[in-house]
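Residues -24 to -1, 1 to 141 (mature numbering (1 follows the signal peptide of the UniProt record, and there is no 0)) make up the sequence shown, in order.
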Amino acid sequence: MASLTKIVVLVLITSPALISTKLATDDEDLPTEETVIVIKNLTQSINSVLLDPNIENGNLLLKSLYEYYNHFDDIYWMMKEKDDDKKKRAFSYAKQILDYEMPSPLQKNINFDHLKVRFEWNDRSVQEVYDAIKSLKALRENVEFLYNELTFNDFDFVTNSPPDC
């Protein structure tokens, strides 16, 4: 499953307009509360790297963006599950992430020329980061849209807590 996730991310990063589908085959592949914690930690990592950009942190930034995307994408696809319990858990996870601060590249414009100099990147590396950020923004918009659409139409989320597992 991990290799499939990497392939899907690679395809989405290199071609953001491409639409693909991915559903977890086993329950252990589904996101959990731990996934939410990982995403929050990745947010902090991304923000701290951008506060102090140096050569050593260039790869960490790209890796963190990819990991963030992979985990958030897993939640997005769990939101599309047919099983209501899984879907409700995914909506709870999505709400926690949407309510948490976003990684700074999603909030403001990034000076890619500055990062290119600070991280000593070539044009290809800059393009990879640009594409990763663009894909993350699109994914976040998709999650927000799905959350708003289904929250009001399909579920009663009065408690804002996932069902007992």
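Using N, Cα and C, we set each Cβ at its ideal position, and we do this for glycine too.
As the structure is a prediction and not an experimental result, all values here were calculated from the model.
Its chain contains M55 as the residues whose beta carbon lies nearer than 6 Å to that of L122, once the 5 sequence neighbours on both sides are disregarded; these appear in chain order.
Linking T8 to L18 through their CA atoms gives a straight-line distance of about 16 Å.
With a threshold of 16 other beta carbon atoms within 10 Å, K58 falls short and is exposed. Taking C-beta separations shorter than 7 Å and ignoring five residues to either side along the sequence, the partners of Y106 in its chain run F88, following chain order. The Cβ atoms of L91 and P29 lie closer than 8 Å to each other. Contact between Q72 and V12 holds: CB atoms are separated by about 5 Å, below the 8 Å threshold. Rounded to the nearest angstrom, the gap between the Cα atoms of S40 and N33 is 10 Å. A check of alpha carbon separations from F95 across L27, V14, I15 identifies L27 as the nearest. Residue ranges of uninterrupted alpha helix (DSSP H) with 4 or more members, entirely inside the region 17 to 99 and ordered along the chain, are 34 to 55, 60 to 75, 80 to 83, 88 to 95. If you compare the alpha carbons of Y76, H47, I22, S21 with that of L6, the shortest gap goes to H47.
One alpha carbon belongs to Q20, the other to P79, and they sit about 7 Å apart. Restricting attention to W97, E104, F67, S101, the CA atom closest to the CA of D49 is found in F67.
Non-local C-beta neighbours of I22 in its own chain, meaning closer than 8 Å and more than five positions away in sequence, comprise L37, S40, L41, Y44, P79, S80, P81, ordered along the chain. The alpha-carbon of A70 is positioned some 34 Å away from that of D99.
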